[in-house]
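Student:
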Amino acid sequence: MKLGAFTFDDPIFLAPMAGVTDTAYRVIAHGMGCPLAFAEMVSSQGIHYRNEHTM
210 MKLGAFTFDD
220 PIFLAPMAGV
230 TDTAYRVIAH
240 GMGCPLAFAE
250 MVSSQGIHYR
260 NEHTM
């Protein structure tokens with residue numbers, strides 16, 4: 210699969226999921242052959258209001 214300038218042998222990507230895709234999860238997914246993973250989704254309101262759970 211070709212995505213812009215990048216070519217991937219396996220077209221399996223890990224979508225961003227709040228509360229799920231932390232660093233450990235992404236490392237495990239990468240070890241199982243997932244070539245591209247995204248960090249967790251973050252609430253813009255949580256950042257704006259400095260919510261400790263969001264940070």
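With the working numbering as the guide, the letters of the sequence shown map in order to residues 210 to 264.
Don't be surprised by glycine CBs; every beta carbon is placed ideally from N, CA and C.
1. Quick check: what's the CA-CA separation for D218 versus E261?
2. Helix or strand or just coil, what does DSSP make of T230?
3. Please list, in chain order, all residues of the same chain as A224 whose beta carbon is under 7 angstroms from its beta carbon, the five residues on each side excluded.
4. Quick check on this structure: which residue in M226, L245 and I221 has the alpha carbon closest to the alpha carbon of F252?
5. Would you report the Cα separation of A238 and P244, rounded to the nearest angstrom?
Tutor: According to the data block:
1. The count along the sequence shown starts at 1 and reaches residue 218 at position 9. The count along the sequence shown starts at 1 and reaches residue 261 at position 52. If I take the Cα positions, the gap works out to 39 angstroms.
2. By 1-based counting over the sequence shown, the position of residue 230 is 21. Three-state result, T230: coil.
3. As a position in the sequence shown, residue 224 is number 15, starting the count at 1. Taken in chain order, the residues that qualify are F247.
4. The count along the sequence shown starts at 1 and reaches residue 252 at position 43. First, the amino acid is wrong: residue 252 is Ser here, not Phe. When only C-alpha atoms are compared, the closest one is M226.
5. Within the sequence shown, residue 238 is the residue found at index 29, counting from 1. Within the sequence shown, residue 244 is the residue found at index 35, counting from 1. C-alpha separation (whole angstroms): 8 angstroms.
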